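Presented below is the structure to which this report refers.
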Amino acid sequence: MAAAVEAVRRVGPELAVDDVARSAGVSKTVIYRYFSDKDELIDAILERIAQTILLPRLLGELGAEHPDDRAALRSVVAGFVSLIDEEPQLYRFGYAQTGRSGRADLVADAERVVGQALEEHLAARLRDAGRPTEPASTWAYGVVGMVQLAAHRWSDTRHVPSGELVDHLTELAYGGLGALLPPRRTGTPA
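For the sequence shown, the residue numbers in the working numbering are 2 to 191.
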């Protein structure tokens, strides 16, 4: 799988089984001893990218200590944008695989995991303030969707430097969440 991820880094969305075999230093026949077809290989590659690269970075940022809500939000947005910036071929590969009928979907799975983690964080903030927690889901998935779509567009155009994109997205998301979330209690993490 490490060789397969390296092949994706070189080739991107046009990955062929031959690319993986070359990267691993084996024949295509050997690859097919482990995977019944290319779809199964792609599923395994997507799982590896999600579990070892994408989710640890994003969830690590979401779970880290931050001085305030804006810094926490900026950290998560920056983590996602920097991943696209540093690993463009992995990002393009994952995005190219969206919507495969009955197959792994890295983008949807990552959105769900990060959305749920953000929802739990926002719900806890609301609960601690004695407020209803129902909006947490809408807010969390709204932020995740906004960041995902804007960053995807940026990945194609690079119309602003990555730091500016992070600033723009942070301001937009925090402008909404900052107005909606109750003030943090002193001494509680963001």
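We put the beta carbon where it would ideally sit given N, CA and C, even for glycine. Just so we're clear, the structure is a prediction, and the values are computed from it rather than from any experiment.
Take residue i as the anchor and find which of the options has the nearest alpha-carbon.
i      : options                           : result
Val18  : Asp38, Leu55, His122 and Gln52    : Asp38
Arg49  : Glu66, Leu74 and Val9             : Val9
Leu127 : Ala180, Glu7 and Gly164           : Ala180
Val114 : Ser156, Leu178, Gly64 and Ala3    : Gly64
Val27  : Ile46, Ala5 and Arg11             : Ala5
Gly116 : Gly146, Gly95, Pro136 and Gln98   : Gly146
Pro89  : Ile54, Glu121, Ala109 and Asp110  : Ile54
Ser138 : His169, Glu120, Leu150 and Arg159 : Glu120
Arg185 : Leu150, Glu135, Ala125 and Ala174 : Ala125
Asp129 : Leu182, Arg34 and Arg11           : Leu182
Met2   : Tyr142, Val21 and Pro57           : Val21
Gln52  : Gly95, Lys29, Ala72 and Glu66     : Gly95
Ala111 : Leu16, Pro57 and Arg34            : Pro57
Leu47  : Pro136, Leu16 and Arg132          : Leu16
Please list, in chain order, all residues of the same chain as residue i whose beta carbon is under 8 Å from its beta carbon, the five residues on each side excluded.
i      : result
Leu178 : Asp70, Leu74, Leu123, Trp140 and Val144
Phe36  : Leu42 and Ala45
Thr99  : Asp106, Leu107, Val108 and Ala109
Spatial neighbours of residue i within its chain, please: C-beta separation below 6 Å, excluding the five flanking residues on both sides.
i      : result
Trp155 : Leu166
Val77  : Glu62 and Leu63
Asp163 : Residue identity check: residue 163 is Ser in the sequence provided, not Asp. Correct list, in chain order: Val82 and Asp86.
Met97  : A quick correction: the sequence has Ala, not Met, at residue 97. Taken in chain order, the residues that qualify are Pro14.
Tyr142 : Gly116
With respect to the alpha helix (DSSP H) encompassing residue i, which residues constitute its N-terminal and C-terminal limits?
i      : result
Ala5   : Ala3 to Val12
Ala45  : Lys39 to Ile50
Pro184 : Where Pro184 is concerned, there is no enclosing alpha helix (DSSP H), given that its DSSP letter is neither H nor E.
Val21  : Val18 to Ala25
Leu119 : Leu107 to Asp129
Asp69  : Asp69 -> no alpha helix (DSSP H), and no H or E assigned at all.
Val148 : Pro136 to Thr158
Ile32  : Lys29 to Tyr35
Gln90  : Pro89 to Ala97
For residue i, collect the residues of the same chain with a Cβ closer than 7 Å to its Cβ; drop the 5 residues on either side in sequence, then sort them by chain order.
i      : result
Phe81  : Leu59, Val148 and Ala152
Ala118 : Leu60 and Leu63
Ile85  : Tyr92, Ala152 and Ser156
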